[in-house]
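Going by the numbering used here, the letters in the sequence shown line up with residues 938 to 1050, in that order. C-beta atoms are modelled at their ideal positions from N, C-alpha and C, and glycine is treated no differently.
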Amino acid sequence: MDVQTENLRFAMNYAEQKQDIIDALDKQIEKEREVFKTTVSANTENTRKLHDLLLKATQGAWVDADTAALIADLKDRNLRLLRTNRALRGFVSFAGMDPNTLALAIQGPLVLL
């Protein structure tokens, strides 16, 4: 073989090796793209679920049993406080009222004997 043919053969081998590397990198890139797409898809789904939960929580449509009971208890207590406050304001000045009487009124229904 002459020198030119030998150089051509080396160049062709070199080009084939580089093409093999390029093909392997292309496959790896495609694989990484698929992993990325899957990850993004999963993250998007989780974000959507979190957004839905946030909307439900802010609208009050999603609460567990303990939280619902606590909310109901707080609403009941608030209603009692509002009623007691209205009744007391109608008859007494708060400035001159005994703090213990106010504490009893806040704790529950006032029963007069």
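### Query
Skipping 5 residues on each side, what residues in its chain have a beta carbon closer than 6 Å to that of I959?
none
### Query
What's the C-alpha gap between E1061 and Q954?
Since the first residue shown for the chain is 938 and the last is 1050, residue 1061 is missing from the structure and cannot be characterised.
### Task
Taking only the alpha-carbon atoms, compute the straight-line gap between A1009 and R1020 and give it to the nearest angstrom.
17 Å
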